[in-house]
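Here is the structure we will look at.
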Amino acid sequence: MNDKAKTGDQIASAIEAAKGRATVKDIYFVACGGSYALMLPNQYIMDRESGEIAGHALNAAEFKARAPKRLGETSIVILCSHSGTTPETVEAARYAREAGALTIALTNDAGSPLDEASEYTIYYEHEPKQISPDHSTAVLTRLTFGILDAREGNENAAKVEEALKALPSIVDAAIKSHDERIATFAESHKREEVIYTMGAGTNYAIAYSYAICIFQEMQWIHSAAIHAGEYFHGPFEITDYDVPFIILKGLGASRPMDERAIAFATQYSDKVTVLDSEELGLGAIDSDVVEYVEHMAFGTLLRVYSDKLAFSRGHPLTVRRYMWQMEY
Ligand SMILES: O=P(O)(O)OC[C@H]1O[C@](O)(CO)[C@@H](O)[C@@H]1O
Numbered sequence: 385m386n387d388k389a390k391t392g393d394q395i396a397s398a399i400e401a402a403k404g405r406a407t408v409k410d411i412y413f414v415a416c417g418g419s420y421a422l423m424l425p426n427q428y429i430m431d432r433e434s435g436e437i438a439g440h441a442l443n444a445a446e447f448k449a450r451a452p453k454r455l456g457e458t459s460i461v462i463l464c465s466h467s468g469t470t471p472e473t474v475e476a477a478r479y480a481r482e483a484g485a486l487t488i489a490l491t492n493d494a495g496s497p498l499d500e501a502s503e504y505t506i507y508y509e510h511e512p513k514q515i516s517p518d519h520s521t522a523v524l525t526r527l528t529f530g531i532l533d534a535r536e537g538n539e540n541a542a543k544v545e546e547a548l549k550a551l552p553s554i555v556d557a558a559i560k561s562h563d564e565r566i567a568t569f570a571e572s573h574k575r576e577e578v579i580y581t582m583g584a585g586t587n588y589a590i591a592y593s594y595a596i597c598i599f600q601e602m603q604w605i606h607s608a609a610i611h612a613g614e615y616f617h618g619p620f621e622i623t624d625y626d627v628p629f630i631i632l633k634g635l636g637a638s639r640p641m642d643e644r645a646i647a648f649a650t651q652y653s654d655k656v657t658v659l660d661s662e663e664l665g666l667g668a669i670d671s672d673v674v675e676y677v678e679h680m681a682f683g684t685l686l687r688v689y690s691d692k693l694a695f696s697r698g699h700p701l702t703v704r705r706y707m708w709q710m711e712y
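With the first letter of the sequence shown counted as 1, position 263 gets the number 647 in this note's numbering; the numbers rise by one all the way through.
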């Protein structure tokens, strides 16, 4: 169990360090797999909220291979690895630190190689079927807004803190209200060989992590995350009456993209599962910031969906053929 007071202090220390830098031009959000997916909404936040600092979310190996020319003392590199051991992420931390960047790591494991390699570390809580301000994705959002506020002043930072406090009860209620739908989804999809996911804005991150971590990695179901705006530029050709999709409908700036994709997909496929932020109760969150937190509600709810699906398929979420079983 994580010490919540400690997480708050660690976030504050990292923000203080970011404030202390003479100039900050870039924040690189660097990780692999599920932890990389957590980074994507933060690039979105930087694009929407920062007038001075550019945000870049990158896979850790890509970050090092790309060797951004601007990387240096004007950079903050935020890394995340749940285990703290993913070699590419640890290596990225070392590389960024050597380049003079401020390195801030998020991990669930104190004393891990990532912790050792980074200047600042923030430990987070982990309970996939719940959300709280101390869960990884919320901690990252607090850090991003904290840095934004410290460097530029940000009028949405306080609203985000409030939204994160309101989120747990909204999500718990949404999970309860989906009880029957979760069971129906699991039974009706247990023999599917392919399930696509779709989203836009911050919710694309959830579509992506669900496709690569839940369907491909943990269920060995073929999948791909389709950006709702990109759907009409190739992927919609695979739509058919028997092709399943999960589509996330947000309340943010991307909602029209979601609506367009849902209208088309539901016309030609009989197997579209739509999760709507509004219907989940996210309408109660301040409309200025709902798009920065709604992906957390989708992520938590979908994790409950995957538990039930895994049970119906008789394929536990913990089984791997290759990951952690061999050299790769
Ligand atoms: O660096 P982390 O967060 O420990 O991730 C390790 C692995 O866990 C996952 O995020 C999910 O199992 C994978 O995508 C990744 O390879």
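The beta-carbon is built from N, C-alpha and C at its ideal position, and this holds for glycine as well.
Give the secondary structure of residue i by DSSP, where H, G and I count as helix, E and B as strand, and everything else as coil.
i           : result
residue 515 : coil
residue 465 : strand
residue 678 : helix
residue 606 : strand
residue 633 : strand
residue 459 : strand
residue 418 : helix
Is the beta carbon of residue i sitting closer than 8 Å to the one on residue j?
i           : j           : result
residue 518 : residue 509 : yes
residue 507 : residue 394 : yes
residue 468 : residue 487 : no
residue 689 : residue 425 : no
residue 448 : residue 476 : yes
residue 474 : residue 501 : yes
Measure the C-alpha to C-alpha separation of residue i and residue j and round it to an integer number of angstroms.
i           : j           : result
residue 625 : residue 612 : 19 Å
residue 396 : residue 403 : 10 Å
residue 649 : residue 598 : 22 Å
residue 587 : residue 543 : 19 Å
residue 573 : residue 641 : 26 Å
residue 439 : residue 708 : 31 Å
Candidates the options: which alpha carbon is nearest residue i's?
i           : options               : result
residue 680 : 643, 594, 622 and 614 : 594
residue 550 : 522, 425 and 530      : 522
residue 421 : 493, 471, 525 and 393 : 525
residue 610 : 604, 617, 581 and 602 : 581
residue 618 : 645, 605 and 628      : 645
residue 408 : 446, 432, 470 and 531 : 531
residue 423 : 464, 454, 434 and 458 : 464
residue 541 : 712, 399 and 658      : 399
residue 600 : 576, 620 and 584      : 576
residue 512 : 535, 706, 628 and 682 : 682
residue 637 : 671, 434, 696 and 557 : 671
Quick one: is residue i buried, meaning 16 or more other Cβ sit within 10 Å of its Cβ, or exposed?
i           : result
residue 704 : exposed
residue 497 : buried
residue 505 : buried
residue 466 : buried
residue 668 : exposed
Cβ of residue i less than 8 Å from any chain D Cβ?
i           : result
residue 562 : In summary, chain D is missing from the structure at hand, where a single protein chain is found.
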